[in-house]
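Numbering (this note's numbering), first residue to last: 352 to 549.
All C-beta atoms in this analysis are idealised placements derived from N, C-alpha and C, irrespective of residue type, glycine included.
Predicted model, so just to flag it, every value in this text is computed and none were measured.
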Amino acid sequence: MKKIYWRPRAVSKTALLLIAVLAICGQLIVENWRFNQKQDWFEEKHRAAEMMREGMELIREERFRLGVDIDREKDPMESGMVGLPMSPVTSISGALEAKQTSVNPNFAAVVVEMLKDVDIKKGDTVAVGVSGSFPALNLAVYCALETLGAKPIIIASAAASQWGANVPELMWLDMERLLKDRGLISNRAIAASIGGYE
Numbered sequence: 352m353k354k355i356y357w358r359p360r361a362v363s364k365t366a367l368l369l370i371a372v373l374a375i376c377g378q379l380i381v382e383n384w385r386f387n388q389k390q391d392w393f394e395e396k397h398r399a400a401e402m403m404r405e406g407m408e409l410i411r412e413e414r415f416r417l418g419v420d421i422d423r424e425k426d427p428m429e430s431g432m433v434g435l436p437m438s439p440v441t442s443i444s445g446a447l448e449a450k451q452t453s454v455n456p457n458f459a460a461v462v463v464e465m466l467k468d469v470d471i472k473k474g475d476t477v478a479v480g481v482s483g484s485f486p487a488l489n490l491a492v493y494c495a496l497e498t499l500g501a502k503p504i505i506i507a508s509a510a511a512s513q514w515g516a517n518v519p520e521l522m523w524l525d526m527e528r529l530l531k532d533r534g535l536i537s538n539r540a541i542a543a544s545i546g547g548y549e
């Protein structure tokens, strides 16, 4: 009777030793011949990320001032930008993990790169639509536009999905007003919709 399954022969000790030596040599080469390369638009990216971090601090302080607690389990960075599971201004369901992921100041740097990739320059007009569902990403866009000196025309959505800017005392439009009043941003939405499905 023929064997049904093919089995490779055992790998020799010499081959295993050679693979191990090559792996160690490769690791040593990678670790000892590093080089630092500055990303394109590094200064602008850094400035936008710092601005976003400052904005998140202002919003966190405002939440505390309003007496709205931050759930450290749901918002481990204590950004104040992860909202509630449900509130009177919650429009639709939302994924907590997506909101937690968005709370990273480096997203402002990502937006800078995206804008630079399409050749946005100082003084260019940019159309922007924002939703209360992702306040951290809204802030990232605002900070990137401020850093590049672009002129946004912004339309906002007031309501938010779960875990977004759905704290009734501090919705996205409230956050936006706070950031402008404190001098962090110079632009606000020129119009807003209620948001949600209708």
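Using only the alpha-carbon positions, how far apart do residue i and residue j sit?
i	j	result
Val461	Lys396	8 Å
Thr452	Trp523	18 Å
Asp470	Lys502	14 Å
Ile370	Val381	16 Å
Ser508	Met403	20 Å
Met437	Leu521	14 Å
Ala374	Arg385	17 Å
Asn387	Thr498	24 Å
Ala366	Lys389	40 Å
Pro439	Pro519	7 Å
Asp475	Ala510	29 Å
Val362	Cys376	21 Å
Met465	Leu368	47 Å
Asp525	Val463	24 Å
Glu413	Leu488	18 Å
Arg423	Val372	47 Å
Lys425	Lys364	51 Å
Output yes or no for whether 8 Å exceeds the beta carbon distance between residue i and residue j.
i	j	result
Ser444	Ser512	yes
Ala400	Ala446	no
Ile410	Met428	no
Ile505	Ile541	yes
Met407	Leu490	yes
Ser442	Gly547	yes
Lys531	Gly500	no
Tyr493	Asn455	no
Lys467	Trp514	no
Assuming residue i and residue j form a contact by the criterion Cβ under 8 Å, report the distance between their Cβ atoms to the nearest whole angstrom.
i	j	result
Ala516	Pro486	4 Å
Over what stretch of residues does the beta strand (DSSP E) that includes residue i continue unbroken?
i	result
Pro503	502-508
Thr476	476-482
Ala543	542-544
Between which two residues does the alpha helix (DSSP H) holding residue i run?
i	result
Ala460	457-468
Val440	First-last for Val440: undefined, no H or E at that position.
Ser512	Element bounds for Ser512: n/a, residue is neither H nor E.
Ala399	393-417
Ser428	At residue 428 the sequence reads Met, which differs from the Ser that was named. Run containing Met428: none; DSSP gives neither H nor E here.
### Query
Taking one C-beta from the region 413-422 and one from the region 479-486 each time, how about it: are there three or more such pairs within less than 8 Å?
no
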